[in-house]
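Encoded as structure tokens, the structure appears first; notes follow it.
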Amino acid sequence: MRRLDGIRILIWDCDGTIWKHVEHEAEIVTKELGIPLTERFSNEYFKMIESIESHFEHQKVTKTAYIDLIQKCMPILLENGIKADEFFDEWMMIETSELNEGARETIEYFYSKGYKNIVLTDMPYVKQVSLLEKYGVLQYIKEVYAGDDNYLKRHQKSTKRVIENGHEKEYVIIGDSIKNDIAFANNSGIKSIWFNPECKKNKSEYKPTMQVTSLYEVCRRIKR
97 MRRLDGIRIL
107 IWDCDGTIWK
117 HVEHEAEIVT
127 KELGIPLTER
137 FSNEYFKMIE
147 SIESHFEHQK
157 VTKTAYIDLI
167 QKCMPILLEN
177 GIKADEFFDE
187 WMMIETSELN
197 EGARETIEYF
207 YSKGYKNIVL
217 TDMPYVKQVS
227 LLEKYGVLQY
237 IKEVYAGDDN
247 YLKRHQKSTK
257 RVIENGHEKE
267 YVIIGDSIKN
277 DIAFANNSGI
287 KSIWFNPECK
297 KNKSEYKPTM
307 QVTSLYEVCR
317 RIKR
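Taking this note's numbering, the leading residue of the sequence shown gets 97, the next gets one more, and so forth.
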């Protein structure tokens, strides 16, 4: 089995890696908002989520920019008496995910072995930290780098705020997204583990150092 050595710091992605979104996400959101679940709401909601990457590709992730995106993609909100800024604040507090199998145990394992766990996420700080705490993971995380007032992972400027110059060989990022997590690794000159439980094909220009189908496997892939 191929292993990575010399690793000291593990960078963890959140959405899709530490946790996954449930299939009935739109139903949960509409229930919390007190409005009907319709096909139109689902279409607009998921269009908004899918548009996040392209919307913030060349600009910082800010609350104002998020609200502008929501207002553009989800006109159904205002028709139901909900302003975009009100939706954003409510959305940040709605849980639409569940912990991935092996996530907490794997992060705890590396913490107990003296490794440094940090989180790098494109989503807002408050939402991600609240979930890390709820799932019993936050206590094993040393630092959290969130999307607030910063660029997305794949942006070249993201490297400087996370990676200590000259120590690239000590880092590995674990994530499910090729175009975000693995792109960050390639741009930063660090190793990467692609969490790929569905065994998807990688057809992009970004190449992971290795891939796993289970988070438990990460424990066997990294050694001092």
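For each residue, glycine too, the CB sits at the ideal point set by N, CA and C.
Practice prompt. Quick one: using the 10 Å Cβ neighbour count with 16 as the cut-off for buried, is K256 buried or exposed?
Written response: Exposed, since its Cβ has fewer than 16 Cβ neighbours within 10 Å.
Worksheet item: If you compare alpha carbons, which of E140, I203, S254, K143 is closest to T113?
Response: Checked all of E140, I203, S254, K143; the closest Cα to T113 is I203.
Item to complete: Identify which residue in R316, L106, M97, V314 has its Cα closest to the Cα of V268.
Response: Distances from the CA of V268 to each of R316, L106, M97, V314 were compared; the closest alpha carbon is that of L106.
Worksheet entry | 6 angstroms CB neighbourhood of M219 in its chain, flanking five on each side removed | So the qualifying residues of the chain are G243.
Worksheet item: Can you name, in chain order, every residue of its own chain whose Cβ lies under 7 angstroms from the Cβ of G198, other than the five neighbours on each side?
Response: Around G198: S310, L311, Y312.
Discussion item. Whole angstroms are fine: how far does the CA of S193 sit from the CA of G130?
Written reply: Their Cα atoms are separated by approximately 19 angstroms.
Practice prompt. Count the other CB atoms, across all protein chains shown, that sit within 10 Å of the CB of G210; report buried if there are 16 or more and exposed otherwise.
Written response: By the neighbour-count criterion, in which 16 or more other beta carbons inside 10 Å mark a residue as buried, G210 falls on the exposed side.
Fill in: Beta-bridge partners of S193, as assigned by DSSP
For S193, which the question treats as bridged, DSSP gives the partners H117.
Worksheet entry | For K275, the nearest candidate out of L133, S150, I163, Y205 (CA to CA) | Scanning L133, S150, I163, Y205 for the CA closest to the CA of K275 turns up S150.
Practice prompt. Taking all protein chains shown into account, decide if L248 is buried (16 or more other Cβ within 10 angstroms of its Cβ) or exposed.
Written response: Classification of L248: buried, given that the 10 Å Cβ count is 16 or more.
Discussion item. Let me confirm a value: I333 is counted as buried when at least 16 other C-beta atoms fall within 10 Å, else exposed. Which label applies?
Written reply: Since the first and last residues shown for the chain are 97 and 320, residue 333 lies out of range.
Discussion item. I'd like to know if the stretch 226 to 240 and the stretch 121 to 141 are in contact, where contact means that at least 3 CB-CB pairs between them fall below 8 angstroms.
Written reply: Touching, no, given that fewer than three Cβ pairs across the two stretches are closer than 8 angstroms.
Worksheet entry | M170, buried or exposed, once every other Cβ within 10 Å from all chains shown has been counted against 16 | Burial call: buried.
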